[in-house]
Amino acid sequence: MSDFEPKVVAFVCNWCTYAGADLTGTSRIKYATNVKIIRFPCTGRIDFMLLLKSFANGADGIIISGCHPNDCHYTSGNFHAKRRWIMFKELMDFMGIDMKRITYSWVSAAEGARWAEVVNTTVARVRELGPYVSYQKMVNTHIEEEVTNE
Amino acid sequence: MKIGIYPGCSLEGSARDYNESVFALAKAFDIEPVQIPDWNCCGATAAHNLNKELSLALPARILALAEKHGVDEILVPCAACYSRLVVTKHELQKHPELKNRICEVIEMDYKGTSKIINVIEWIDKYIIPKLEEKVKKPFNYKVACYYGCLLVRPNKVLNYDRVEDPQTMDVVMSKIGATAIDFAFKTECCGAGLSISRTDIVSKLSGKIIEDAEHRGADAIIVACPMCHSNLDMRRPDINKYWNKEFNIPVIFVTQAIGLAVGLTPAQVGLKRHFVEVKIS
Amino acid sequence: MSHSDHHIERNSLAAKVEKEVEVKAQKCYQCGKCSAGCPVAEDMDFPPSMVLRMLQTELPANDEKILKSHSIWLCVTCEMCLTRCPMEIDIPSMMDYLRQKSRSEGKANPKAKNIIAFHKSFLSSIKHTGRLFELGLIIDYKRQSLNLFQDAGLAPKMISRGKLHFMPEKLKDMAHIAKIFKNTSK
Amino acid sequence: MARIGVFICHCGENISATVDCGKVCEAASKLKHVAYATEYKYMCSDPGQSLVKNAIIEHKLTGVVVSACSPRMHEPTFRKATAEGGLNPFLCEMANLREHCSWVHEKGEATTEKAIDIVRTLVEKVKRNAALQPIRVPVTKAALVIGGGIAGIQAALDIANCGHKVIMVERSPSIGGHMSQLSETFPTLDCSQCILTPRMVEVLQHPNITLYSYAEVEQLDGFIGNFVAKIRKKAKSLDEKACTGCGLCITKCPQKKIPNEFEEGMGFRPAIYVPFPQAVPNRPVIDKANCTYYIKGKCKVCEIVCPTKAIRFDQEDEVIDVEVGAVVVATGFDIKRADFFPEYGYGKLKDVIDGLQFERLASASGPTNGEILRPSDGQKPKNIVFIACAGSRDPAKGIAYCSKICCMYTAKHAMLYKHKVHEGNAHVFYMDIRSAGKNYDEFVRRAIEEDHVNYIRGRVSTVYERDGKLIVKGVDTLLGAQPVEIVADMVVLATAGVANPGAEELAQRLHVSYDSHKFFAEAHPKLKPVETNTAGIFLAGACQNPKDIPDSVSQASGAAVKVAALFSQSELTREPLVAAVNRFGPPLYSTCVGCFMCQPVCPYQAIEREEIKSRDGKVIKSLAKINEGLCQGCGTCVALCRSKSIDLYGYTNEQVYTEVVALLNDY
Ligand SMILES: Cc1cc2nc3c(=O)[nH]c(=O)nc-3n(C[C@H](O)[C@H](O)[C@H](O)COP(=O)(O)OP(=O)(O)OC[C@H]3O[C@@H](n4cnc5c(N)ncnc54)[C@H](O)[C@@H]3O)c2cc1C
Ligand SMILES: Cc1cc2nc3c(=O)[nH]c(=O)nc-3n(C[C@H](O)[C@H](O)[C@H](O)COP(=O)(O)OP(=O)(O)OC[C@H]3O[C@@H](n4cnc5c(N)ncnc54)[C@H](O)[C@@H]3O)c2cc1C
Ligand code: SF4
Ligand code: SF4
Ligand code: SF4
Ligand code: SF4
Ligand code: SF4
Ligand code: SF4
Ligand code: SF4
Ligand code: SF4
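Protein chains in written order, with the working numbering: chain A, 1 to 150; chain B, 1 to 281; chain C, 1 to 186; chain D, 1 to 667.
1. Nearest CA to the CA of residue 330 of chain D: which residue from D/431, D/546, D/63?
2. Identify, in the order they occur along the chain, each residue of the same chain with its Cβ nearer than 6 Å to the Cβ of residue 385 of chain D, setting aside the five sequence neighbours on each side.
3. By the criterion of Cβ-Cβ separation under 7 Å, what are the contact partners of residue 70 of chain D in chain A?
4. Opposite residue 613 of chain D in the DSSP bridges: which residues?
5. Entirely within the stretch 156-234 of chain B and at least 3 residues each: give me those beta strand (DSSP E) ranges in chain order.
6. Starting from residue 61 of chain A, trace the beta strand (DSSP E) in both directions and tell me its first and last residue.
7. Does chain A have any CB closer than 7 Å to the CB of residue 634 of chain D?
8. Specify the secondary structure class of residue 126 of chain C as computed by DSSP and reduced to three states.
9. Under a Cβ-count criterion, where at least 16 other Cβ atoms within 10 Å of its own Cβ denotes burial, should residue 31 of chain C be classed as buried or exposed?
10. Can you tell me where the alpha helix (DSSP H) with residue 119 of chain D in it begins and where it stops?
11. Along the chain, where does the alpha helix (DSSP H) that runs through residue 417 of chain D open and close?
12. Could you check if residue 603 of chain D is buried or exposed, using at least 16 other CB atoms within 10 Å of its CB as the buried criterion?
13. State the Cα-Cα distance for the pair residue 237 of chain D and residue 315 of chain D, rounded to the nearest angstrom.
14. Using a Cβ-Cβ cut-off of 8 Å (strictly less than) and excluding sequence neighbours within five positions of residue 172 of chain C, which residues of its own chain qualify?
15. Identify the contact partners of residue 164 of chain C in chain B, using a Cβ-Cβ distance below 9 Å as the criterion.
16. Go to residue 13 of chain A, then tell me how far its beta strand (DSSP E) extends in each direction, as first and last residue.
17. Is residue 552 of chain D near ligand 1, with its Cβ less than 6 Å from a heavy atom?
18. I'd like to know if the stretch 177-194 of chain B and the stretch 265-280 of chain B are in contact, where contact means that at least 3 CB-CB pairs between them fall below 8 Å.
19. Classify residue 324 of chain D as buried or exposed, calling it buried when 16 or more other Cβ atoms lie within 10 Å of its own Cβ.
20. On a CA-only basis, which of D/645, D/43, D/563 is nearest residue 537 of chain D? Give me that one, please.
21. Between which two residues does the beta strand (DSSP E) holding residue 145 of chain C run?
22. Secondary structure at residue 693 of chain D, three-state DSSP: helix, strand or coil?
23. Where are the alpha helix (DSSP H) runs, 4 residues long or more, that stay fully inside the stretch 162-228 of chain D, in chain order?
24. Could you tell me if residue 35 of chain B is buried or exposed, where buried requires 16 or more neighbouring beta carbons within 10 angstroms of its beta carbon?
25. Can the beta-carbon of residue 633 of chain D be found closer than 7 Å to that of residue 577 of chain D?
26. Under 6 Å: does the beta carbon of residue 65 of chain D sit that close to some heavy atom of ligand 1?
27. List, in chain order, every chain D residue whose beta-carbon is nearer than 7 Å to that of residue 100 of chain C.
28. Do the stretch 279-293 of chain D and the stretch 162-175 of chain D touch if we need at least three Cβ pairs shorter than 8 Å?
29. Check whether the Cβ of residue 91 of chain C sits closer than 6 Å to any heavy atom of ligand 5, and report yes or no.
30. What residue does the beta strand (DSSP E) around residue 39 of chain A start on, and which one ends it?
31. Please list the partners that residue 483 of chain D has in chain B, where partner means a Cβ-to-Cβ separation under 7 Å.
32. Look at residue 22 of chain A and residue 126 of chain A and say whether their C-beta atoms are less than 7 Å apart.
33. Please list, in chain order, the chain C residues whose beta carbon lies closer than 9 Å to that of residue 325 of chain D.
34. Determine the DSSP secondary structure at residue 506 of chain D, reduced to helix, strand or coil.
35. Might you give, ordered along the chain, the residues of its own chain that have their beta carbon closer than 6 Å to the beta carbon of residue 181 of chain B, omitting 5 neighbours on each side?
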């Protein structure tokens with residue numbers, strides 16, 4: 001287990017967290033290489049089915065991060081994201097998704113250090129949890145069976 | 001609809017005059033309110049000063065008794081009791097756990113179904129509709145309607161009339177021919193809670209009310225609360241001494257005024273029991 | 001996480017008032033409207049807004065002053081302050097709580113002796129008869145307050161006007177009242 | 001077949017010191033559909049950019065991935081280079097190897113691996129990019145200014161002076177707003193009319209401004225650059241061209257006892273009237289609700305006396321459409337009126353008045369010609385009490401906010417009183433003195449130190465009348481809440497500044513947001529204080545929150561610049577990263593099921609309803625449709641739509657799902 005390197009996908013908004021992560025870079029603050037970022041215009045755009053898709057494709061952890069409440073570039077995109085997140089979280093919980101693998105956070109364009117912290121704590125936590133094979137197995141077996149049936 | 005009456009301790013004692021006028025007036029209008037059997041004291045100021053649970057339990061017993069006897073509407077002529085009962089009902093409705101606890105204390109069921117009305121509401125509902133035809137001797141006086149604290153406060157709970165410059169009693173008085181003057185002390189406190197223990201404060205506060213009413217040329221102060229009455233009437237010698245004045249404006253219960261207007265005698269409405277002589281009528 | 005998520009243990013009187021009667025002293029912005037309208041403010045050692053200010057400090061010395069104050073006993077629960085307070089601070093309920101606390105901690109102001117004596121006599125009258133027996137109350141109060149001559153003229157006048165009963169009117173179910181008193185005595 | 005070019009930047013050593021660029025280049029060149037991969041020291045330099053241009057041509061590239069710094073830094077640079085190479089600029093993507101990789105990780109295999117993952121992801125994305133065209137929206141270079149107070153006047157003049165047409169709509173018969181009612185203004189005490197009237201006249205005479213007074217905006221359709229406003233011009237019962245403004249009708253109208261709004265009810269006006277002598281336009285209107293002729297069918301005195309026969313009793317409201325490219329909302333505010341403060345006798349006691357009434361008393365053109373006289377008996381008040389925060393900062397009365405202007409005008413009132421009634425005493429009950437403006441605190445200090453206004457810190461509990469005097473019961477909290485009782489002749493309440501009546505309806509008609517107190521809401525509290533949520537609609541003045549004149553004027557000029565900037569081009573070009581609801585031919589038309597769940601979540605009201613009609617005009621289906629002029633591309637609707645009928649250009653479902661798969665799978 002000790003050489004397990006978790007794969008973590010980060011869905012971030014362009015205006016706050018993406019810019020915040022840029023600042024982490026400009027400030028040369030180091031963090032784990034395990035996290036890779038996908039840029040969205042706003043957390044409001046994030047379709048939570050993407051989370052399932054990510055887990056199915058081998059992600060061990062996920063970060064969702066956008067502007068702080070009331071600071072959304074589009075005034076209320078992050079608010080709607082948050083609302084949908086609350087609903088979706090319950091659904092995923094019900095479906096047996098391990099919610100400890102998902103971090104939902106706010107990182108502003110000025111919080112470079114905070115982004116590094118969010119990344120590092122998430123990676124550490126997911127490392128602790130180990131690879132999320134149970135989910136991948138479940139989804140992927142299903143696909144393979146379909147393929148062999150053809 | 002069954003209308004009950006909760007007289008409260010003072011109507012049985014120091015405010016017998018009020019009691020007599022309420023019942024005489026009811027009779028004149030063919031209403032027969034039934035006393036809530038075996039009622040107890042509401043606990044008044046003393047209870048909530050010293051013991052919160054007791055201050056809810058005592059009124060709760062009264063309300064539970066009313067419910068038990070199928071009373072839909074309880075007339076509470078004493079403003080202090082009225083306030084205690086409404087506040088208790090409100091508190092128990094707001095806090096279900098508290099309600100359960102109080103039900104345990106009083107060992108009775110309580111649902112909160114009976115409506116609690118004060119004397120003005122009662123007059124409004126049962127007397128006013130038939131008043132016009134019955135007025136024999138219009139009450140042609142200038143009156144200062146004194147509401148006191150407990151008829152309108154706490155306003156958010158009682159939800160009765162405007163808390164500043166209330167009007168309901170003024171309107172009732174105008175229906176029997178009186179002129180209600182504008183009066184700055186309508187809802188100032190008379191000091192009721194300190195009635196016996198701090199006569200000096202009571203004399204000061206009650207005196208202000210009397211002074212203002214007299215100053216504005218009122219012939220009488222109209223009240224709807226036995227506490228207000230005892231402070232403004234029975235305490236008059238103390239007040240006069242404290243203020244070094246000779247105030248002699250009479251203090252009349254709203255039910256007495258209406259009673260006189262519909263032809264009841266001063267004795268029937270208990271006027272002779274007053275300390276300050278009522279020269280009018 | 002909300003801004004108010006500070007989990008600091010507070011043991012002040014203000015914290016107790018907040019817990020017991022849901023009155024948040026910190027909401028008071030010291031406008032003074034309560035004191036301006038309070039009928040007994042001028043007789044108080046600390047007008048209501050000052051009591052709130054002292055609570056806000058959360059200093060033991062101020063808490064002590066409040067519990068030992070005359071003010072809390074002079075408040076007549078007229079509700080004027082609550083009616084007009086812009087922040088809707090329930091001072092009357094707070095005063096009720098402070099009085100009970102003051103007495104249970106044996107800190108009641110000596111000047112309030114008569115006021116407390118009266119309330120006690122009142123309750124004891126109810127305890128024994130279920131209703132208020134006014135003559136009994138006056139006698140008991142005089143005994144407790146040793147204020148024998150106060151109101152000497154009142155009783156005879158009341159009697160002559162049929163306003164004082166000589167015998168208490170007792171409830172039928174006195175046992176019930178006794179139980180209620182017992183159940184609520186902590 | 002896609003042919004993607006990958007350009008790996010060293011950024012001097014910024015990237016290459018930790019990322020093995022050669023290895024990334026090699027890996028990139030092996031990716032499916034990558035036709036060309038190269039590395040270079042400074043991609044953003046001129047030779048670097050030429051590298052992209054030439055490669056596009058040489059290798060017939062269909063997509064470009066510049067693997068360098070953050071797209072927030074150089075995306076425009078490389079999109080431009082891509083366009084210069086003859087490719088649609090939206091077919092260029094940037095892989096962030098610097099801020100998100102080389103700068104945040106140590107040198108090593110994992111870092112290079114991550115760089116490769118990032119490049120792969122963007123290669124997959126760019127394959128699915130569409131060649132987008134910038135959205136061009138024509139701009140109607142005329143602005144609508146709603147409200148003719150000082151804010152509206154300032155905005156209108158500024159825009160008009162930039163050479164653009166302005167249509168000003170004012171609800172009342174004259175422009176001027178509250179400022180026209182003021183006597184003198186803080187912090188300099190100059191005469192309000194003297195500085196305002198020239199501005200009002202300028203509006204009337206400006207060749208670029210069309211003024212519709214006694215008019216209201218009934219409806220606003222369209223979007224930035226292309227609005228259509230429906231304006232109702234209320235019937236003035238007057239032919240404005242024929243009327244010379246002689247005023248004969250006004251003096252002869254027998255109906256004289258109508259409370260004068262301009263004088264705040266402290267005077268009367270006839271049924272045909274001009275609100276105040278300096279009114280603009282200076283032509284009367286007939287107040288139909290109070291005119292004897294309209295009520296009883298008889299009178300017509302005005303018509304008889306009018307020398308130019310200008311009266312038109314049969315005139316009807318007229319509704320006109322105007323086309324504008326931008327809107328400035330400047331409808332101002334109001335103050336809390338009577339019966340709000342029963343404990344102070346406001347609305348009941350004649351000598352308890354509000355701030356605007358005091359302004360009229362202090363105004364040389366007011367009902368008392370500038371003498372401070374109390375309304376009840378016309379006596380000069382010897383003792384006057386001002387109560388600040390009357391209703392503001394009072395959650396129990398529903399207003400928790402500070403009205404911002406009243407500390408200042410209260411100090412001004414007390415000062416004016418002292419200047420006019422030398423022997424009088426002025427007392428101010430206050431909670432805090434909020435005077436944070438240039439020369440403001442000095443002004444308040446002057447009232448206290450030089451004019452000896454008695455400031456008492458504490459709130460008043462009650463005001464009642466006794467023997468013609470007003471008893472004011474307060475406390476001095478700085479003296480331990482010591483009671484203060486003042487026997488006053490007059491009490492002035494600085495009542496809360498509130499939203500104008502009708503503000504909520506107007507906001508709904510304009511589709512702009514408003515706060516819980518019905519004040520118009522800005523797009524961002526700090527960085528977009530003059531914009532609204534709706535592109536092309538701007539705010540000026542006290543309609544946003546209570547403000548004084550300097551603040552109102554500054555904001556109005558700010559709004560004017562925003563409008564002028566918009567009008568500086570004849571077309572608006574916008575990034576085409578907007579959402580769209582899918583459409584196909586019959587029988588399905590779209591997968592949109594018409595639930596319209598997306599409509600309320602859009603922060604920009606960009607989602608409209610479209611009706612698909614059959615040949616005979618019957619509505620077959622209602623579908624969501626996105627107005628690309630309004631959409632800002634946040635994508636909230638996309639994530640929300642359950643039938644997946646909406647997609648966002650630049651971030652399509654296909655693109656983002658592919659990114660996830662590519663990021664996690666090394667193939
Ligand atoms: C008592 C008092 C004293 C003051 N003293 C001073 C002072 O000394 N110095 C100072 O700097 N500021 C002072 N002010 C503040 C000053 O009045 C405001 O800053 C200023 O009036 C704001 O201008 P405005 O144009 O935003 O709004 P307003 O003056 O309110 O003008 C708004 C205009 O819009 C019109 N309108 C409203 N709704 C509509 C609609 N739906 N359609 C069309 N038109 C509409 C109105 O009729 C009005 O003409 C004082 C305010 C008060 C209340
Ligand atoms: C402690 C503190 C906390 C604050 N917190 C907040 C807050 O929470 N929210 C808020 O809204 N506001 C806050 N402010 C106020 C905020 O900082 C100012 O409103 C804002 O900075 C003003 O912006 P400015 O561009 O006018 O001036 P500045 O920020 O001062 O910028 C002026 C610029 O001009 C340059 N400059 C100066 N002279 C010359 C010259 N001769 N030639 C060329 N360049 C020159 C300076 O180097 C500087 O870059 C705070 C201020 C302080 C002091
Ligand atoms: S406002 Fe929206 S777009 Fe902006 S950074 Fe936040 S979540 Fe992202
Ligand atoms: S009125 Fe309310 S806010 Fe004002 S001082 Fe009293 S308690 Fe505090
Ligand atoms: S309730 Fe007590 S504190 Fe409040 S105004 Fe009345 S006497 Fe004063
Ligand atoms: S018709 Fe109307 S406006 Fe004209 S004079 Fe008569 S009342 Fe006045
Ligand atoms: S309507 Fe006629 S009378 Fe009236 S102002 Fe105009 S021109 Fe003069
Ligand atoms: S500006 Fe001054 S008077 Fe007005 S609400 Fe604010 S603090 Fe009160
Ligand atoms: S100087 Fe600063 S701290 Fe002092 S009152 Fe003004 S704004 Fe407040
Ligand atoms: S992308 Fe955002 S702005 Fe555009 S229509 Fe959808 S919700 Fe509205």
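Quick reminder that beta carbons are idealized off the backbone N, C-alpha and C, glycines included.
Per the coordinate set shown:
1. What you label residue 330 of chain D is simply residue 330 of the fourth sequence in a count that begins at 1. Nearest of D/431, D/546, D/63 to residue 330 of chain D, Cα basis: D/546.
2. As a working note, residue 385 of chain D is residue 385 in the fourth sequence. Around residue 385 of chain D: 427, 472, 486, 488, 491.
3. As a first step, residue 70 of chain D must be located in the fourth sequence, where it is residue number 70. Correct list: 22.
4. Working through the fourth sequence from its first residue, we reach residue 613 of chain D at position 613. Paired residue(s): D/619.
5. 220-223
6. Counting from one through the first sequence, the residue named residue 61 of chain A turns up at place 61. Note, residue 61 of chain A: beta strand (DSSP E), 61-66.
7. In the fourth sequence, residue 634 of chain D corresponds to position 634, counting from 1. For residue 634 of chain D, the answer is yes, since a Cβ of chain A falls inside 7 Å of its Cβ.
8. Walking along the third sequence from the start, residue 126 of chain C turns up at place 126. Reduced to three states, the DSSP call for residue 126 of chain C is helix.
9. The sequence position of residue 31 of chain C within the third sequence is 31, counting from 1. Looking at its Cβ environment, which holds 16 or more other Cβ atoms inside 10 Å, residue 31 of chain C is buried.
10. Within the fourth sequence, numbered from 1, the residue matching residue 119 of chain D stands at position 119. Per DSSP, residue 119 of chain D belongs to the alpha helix (DSSP H) from 109-127.
11. To locate residue 417 of chain D, count along the fourth sequence from 1; it is residue 417. Start and end: 406-420.
12. Locating residue 603 of chain D in the fourth sequence gives position 603, where the first residue counts as 1. With 16 or more Cβ atoms within 10 Å of its Cβ, residue 603 of chain D is classed as buried.
13. As a working note, residue 237 of chain D is residue 237 in the fourth sequence. As a working note, residue 315 of chain D is residue 315 in the fourth sequence. Approximately 5 Å between the Cα atoms of the pair.
14. Mapped onto the third sequence, residue 172 of chain C falls at position 172. Around residue 172 of chain C: no qualifying Cβ.
15. Counting from 1 along the third sequence, the entry for residue 164 of chain C is found at position 164. Per Cβ cutoff of 9 Å: 13, 14.
16. Here residue 13 of chain A is taken as the residue at index 13 of the first sequence, counted from 1. Where residue 13 of chain A is concerned, the enclosing beta strand (DSSP E) stretches over 8-13.
17. Position 552 of the fourth sequence, counted from the first residue, corresponds to residue 552 of chain D. Yes; taking the cut-off as 6 Å, the Cβ of residue 552 of chain D has a heavy atom of ligand 1 nearer than that.
18. no
19. Your numbering for residue 324 of chain D matches position 324 in the fourth sequence. With 16 or more Cβ atoms within 10 Å of its Cβ, residue 324 of chain D is classed as buried.
20. Here residue 537 of chain D corresponds to residue number 537 of the fourth sequence, with the count starting at 1. The candidate whose alpha carbon is nearest that of residue 537 of chain D is D/563.
21. As a first step, residue 145 of chain C is located in the third sequence; it is residue number 145 there, counting from the start. From DSSP, residue 145 of chain C is part of no beta strand (DSSP E) but of the alpha helix (DSSP H) over 134-145.
22. Past the edges of chain D, shown from 1 to 667, lies residue 693 of chain D, and the structure says nothing about it.
23. 192-205
24. Counting from one through the second sequence, the residue named residue 35 of chain B turns up at place 35. Exposed, because fewer than 16 other Cβ atoms sit within 10 Å of the Cβ of residue 35 of chain B.
25. Position 633 of the fourth sequence, counted from the first residue, corresponds to residue 633 of chain D. Position 577 of the fourth sequence, counted from the first residue, corresponds to residue 577 of chain D. Closer than 7 Å, so yes.
26. For the purposes of this step, residue 65 of chain D is taken as residue 65 along the fourth sequence, with counting starting at 1. The answer is no for residue 65 of chain D.
27. Stepping through the third sequence from its first residue, residue 100 of chain C is reached at position 100. Within chain D, no residue comes near residue 100 of chain C; the closest Cβ sits about 24 Å away, beyond 7 Å.
28. yes
29. Position 91 of the third sequence, counted from the first residue, corresponds to residue 91 of chain C. Residue 91 of chain C Cβ: within cutoff of ligand 5.
30. Position 39 of the first sequence holds residue 39 of chain A. Looking at the DSSP string, the run of the beta strand (DSSP E) that includes residue 39 of chain A is 35-40.
31. Position 483 of the fourth sequence holds residue 483 of chain D. Per Cβ cutoff of 7 Å: no residues; residue 483 of chain D is ~13 Å from chain B at best.
32. One-based indexing of the first sequence puts residue 22 of chain A at position 22. One-based indexing of the first sequence puts residue 126 of chain A at position 126. No; because the gap between Cβ atoms is not below 7 Å, this pair is not in contact.
33. Indexing the fourth sequence from 1 puts residue 325 of chain D at position 325. In chain order: nothing, as chain C lies at least about 42 Å away.
34. For the purposes of this step, residue 506 of chain D is taken as residue 506 along the fourth sequence, with counting starting at 1. Helix at residue 506 of chain D.
35. Along the second sequence, read from residue 1 onward, the residue named residue 181 of chain B stands at position 181. So the qualifying residues of the chain are 142, 144, 216, 218.
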